[in-house]
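Residue numbers (the numbering used here): 14 to 249.
Each residue gets a CB set at the ideal place from its N, CA and C atoms; glycine is no exception.
Reviewing the structure listed below.
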């Protein structure tokens, strides 16, 4: 869990995050409309999330199915993404509750999303998760597997592939993530150039609290920010 944030603390954090993001976007020569801020709301209480929505947060993302379900009925309207590791047997629980699943890490998961979306007559927007650092501890396709995965997943009914997402290796020095973001952007552009049917390659989701400004400089179109907005999480 996390300590409840005061309105004043959130306002200051939000101002700082927007400032960091706008400076990074300006440095990259892009327009601020090109990068979406998503609030990662793991462990954040619904009152705080609703306050954030009132203050201008339009996109929220949950990492855990059970937590998403426990908050769902109490949240104000917002664009809701699932951004965590998703098991195939949990897809049915969230298929009608999110607009996008960012963490499609296997063909098996994509097939289940297609199946469950079809049951409710929905086309689910998805991002393909890339293990850009080649870490054994992380899910996702390798860069070399991306084209084949994209081609196969894009063939599935009731799925629309909108782009790629990645979490680079953890580091104490945010600047060290830059090379991974650059590699992700190159992969993103390469996949866009393939013009694979049913894939728009319009979303590149990368960057979190410690490095989202660097990600924005290197081509991210969506950044997932939790701690920098809501404070440090306290696990029990």
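Can you tell which of the options has its C-alpha closest to the C-alpha of residue i?
| i | options | result |
| --- | --- | --- |
| residue 97 | 112, 67, 55, 126 | 55 |
| residue 232 | 113, 245, 176, 159 | 176 |
| residue 82 | 208, 157, 103 | 103 |
| residue 114 | 195, 51, 215, 99 | 99 |
| residue 147 | 240, 181, 128, 189 | 181 |
| residue 90 | 68, 229, 105, 195 | 68 |
| residue 50 | 42, 29, 124 | 29 |
| residue 163 | 188, 119, 149, 191 | 119 |
| residue 92 | 189, 213, 52, 34 | 52 |
| residue 156 | 188, 126, 122, 194 | 194 |
| residue 129 | 200, 227, 105 | 105 |
Count the other CB atoms, across all protein chains shown, that sit within 10 Å of the CB of residue i; report buried if there are 16 or more and exposed otherwise.
| i | result |
| --- | --- |
| residue 14 | Residue placement at residue 14 cannot be trusted, given a pLDDT of 49 that sits under 50; the coordinates are not used to answer. |
| residue 8 | Missing from the structure shown is residue 8; the chain here goes from 14 to 249 and no further. |
| residue 179 | buried |
| residue 26 | buried |
| residue 202 | exposed |
| residue 213 | exposed |
| residue 183 | exposed |
| residue 186 | exposed |
| residue 32 | exposed |
Identify the continuous beta strand (DSSP E) that holds residue i and give its terminal residues.
| i | result |
| --- | --- |
| residue 235 | 235-238 |
| residue 209 | First-last for residue 209: undefined, no H or E at that position. |
| residue 73 | 72-75 |
What residue range is occupied by the uninterrupted alpha helix (DSSP H) comprising residue i?
| i | result |
| --- | --- |
| residue 22 | 20-41 |
| residue 54 | Per DSSP, residue 54 belongs to no alpha helix (DSSP H) and is neither H nor E. |
| residue 63 | 59-68 |
| residue 230 | 225-230 |
Would you say residue i lies against chain D (beta-carbon separation less than 8 Å)?
| i | result |
| --- | --- |
| residue 71 | The chain labelled as chain D is not found in the depicted structure, where only one protein chain is given. |
*Please determine if the segment 141-148 and the segment 50-67 are in contact, where contact requires at least 3 C-beta pairs separated by less than 8 Å.*
no
*Decide yes or no for the touch test of the segment 201-221 against the segment 230-239: beta carbon pairs closer than 8 Å, at least 3 of them.*
yes
*Write down every uninterrupted run of the beta strand (DSSP E) in the segment 148-205 whose length is 3 residues or greater and which is fully enclosed by it, in chain order.*
172-179
_For a minimum of 3 consecutive residues, which ranges assigned as the beta strand (DSSP E) are wholly contained in the segment 86-151?_
List check, beta strand (DSSP E) in window: 92-95, 113-117, 137-143.
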